[in-house]
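Trainee:
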Amino acid sequence: MDSLPFAQRVGIVTGGSRGIGGAITTLLAEDGATVAVLGLPEDRERAHRLASLLNGAASRLHFYETDVAVYNRCQEAVAAVLREHGRIDFLVNNAGITRDHTVRKMTVEEWEAVLRVNLSGPFFMIKAVLDTMIQQEYGRIVNISSVVGEAGNFGQANYAAAKAGLIGLTKTVALEVAKRGITVNAVAPGFIDTDMTRAMPLAAIENAIEQTPGQRLGRPEEVAEVVRFLLDERSGYITGAVYNINGGWYM
Ligand code: NDP
4 MDSLPFAQRV GIVTGGSRGI GGAITTLLAE DGATVAVLGL PEDRERAHRL
54 ASLLNGAASR LHFYETDVAV YNRCQEAVAA VLREHGRIDF LVNNAGITRD
104 HTVRKMTVEE WEAVLRVNLS GPFFMIKAVL DTMIQQEYGR IVNISSVVGE
154 AGNFGQANYA AAKAGLIGLT KTVALEVAKR GITVNAVAPG FIDTDMTRAM
204 PLAAIENAIE QTPGQRLGRP EEVAEVVRFL LDERSGYITG AVYNINGGWY
254 M
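Residues 4 to 254 in this note's numbering are what the sequence shown lists, from first letter to last.
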């Protein structure tokens, strides 16, 4: 494996046009990497807006319309990135949804939708990039899990199960590719100030802040910094790890 400066790296951020994904895309593009943002049709405009805010780095952001819940779409997007940019050094599995209800009220559709996007999606994406990373003898994969996957959360059985599953997926793939120059890690953010959190009832947000020793929500940029660290070539001895970013909410 040849050493490369980060500015020559190419990678993918799913759901990378807003929220935590938007902050990750911004930081990586500002550090010089070429970033393929995979997202739903409504993300195209957001990705273009994000690119327009990247002073001098706009040309490094590329949008690929992709529903990560569909394996063929993931394969097509990965093939397009490879065709257009020649390599895939990193993958950030960030796209995620919530469909909150207590188990008694949760529909089977709500259960399946969240598992499909938040757990099958990362599996599909990892499966789609792995051969390329193995050929390159280099790869960095970061999965965005959640504190909820570690601690559970009232009304989020589907989300907690998917995020806990993502930690199991992270550790297993890490084992399977450790000899190939590929690292696979997860970050587990606590409550971060994004549209996803803003959709929660105000009382739930206030409660989350109150229960956080740090007494505030996290910022997307604080998650992005940890992801950037894990994506660095120099972080090659860190694999199968789960990094908590939660202001002390869960230790
Ligand atoms: P947002 O809802 O702000 O952004 C999620 C992104 O994922 C959006 O761009 C969304 O697209 C995209 N997305 C959703 N479904 C799909 C799909 N099927 N295919 C492709 N893209 C899709 O969420 P956050 O930024 O808050 O969260 C990002 C990640 O971090 C998620 O995995 C979330 O679970 C996790 N997380 C968030 C925490 C928080 O407190 N905010 C805490 C812990 C973890 P669109 O814009 O079209 O909806």
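Cβ atoms here follow ideal geometry from the backbone N, Cα and C, with glycine treated the same way.
Using only CA atoms, which one of Ala167, Thr110 and Gly184 lies nearest to Leu122?
Mentor: The shortest C-alpha separation from Leu122 is found at Ala167.
Trainee: Can you tell me whether Asp103 is buried or exposed, with buried defined as 16 or more other CB within 10 angstroms of its CB?
Mentor: buried
Trainee: List the residues that DSSP assigns as beta-bridge partners of Val16.
Mentor: Val40 and Val95
Trainee: Where does Ala80 land, buried or exposed, given buried means 16+ other C-beta within 10 angstroms?
Mentor: buried
Trainee: What are the uninterrupted segments assigned as alpha helix (DSSP H) that are 4 or more residues long and contained completely in the stretch 58-96, given in chain order?
Mentor: Within the stretch 58-96, the complete alpha helix (DSSP H) runs of at least 4 residues fall at 74-88.
Trainee: Which residue from Glu236, Val229 and Asp235 puts its Cα closest to that of Val245?
Mentor: Val229
Trainee: With contact counted as at least three CB pairs below 8 angstroms, one residue from each stretch, are the stretch 170-183 and the stretch 195-207 in contact?
Mentor: Counting C-beta pairs closer than 8 angstroms gives fewer than three between the stretch 170-183 and the stretch 195-207, which falls short of the contact rule.
Trainee: Can you tell me the Cα-Cα spacing of Gln139 and Gln11, whole angstroms?
Mentor: 14 angstroms
Trainee: Report the rounded CA-to-CA distance for Gly14 versus Arg90, giving the unit in angstroms.
Mentor: 8 angstroms
Trainee: Helix, strand or coil for Gly142 per DSSP?
Mentor: Reduced to three states, the DSSP call for Gly142 is strand.
Trainee: What residue does the alpha helix (DSSP H) around Val230 start on, and which one ends it?
Mentor: Pro223 to Leu234
Trainee: Since Asp70 and Gly142 should fall inside the 8 angstroms C-beta cutoff, what is the C-beta to C-beta distance between them, to a whole number of angstroms?
Mentor: The pair is not a contact, with the Cβ atoms about 23 angstroms apart (cut-off 8 angstroms).
Trainee: Where do the ends of the alpha helix (DSSP H) carrying Thr200 lie?
Mentor: Asp198 to Arg201
Trainee: When the Cα atoms are used, what is the spatial distance from Met159 to Glu45?
Mentor: At residue 159 the sequence reads Gln, which differs from the Met that was named. Distance between the alpha carbons of Gln159 and Glu45 is about 25 angstroms.
Trainee: Would Leu233 and Asn188 be called neighbours here (beta carbons separated by less than 8 angstroms)?
Mentor: yes
Trainee: Take Ser267 and list the residues in its own chain whose beta-carbon comes closer than 8 angstroms to its own, dropping the five residues that flank it on each side.
Mentor: For residue 267 there is no data in the structure shown, the boundaries of the chain being 4 and 254.
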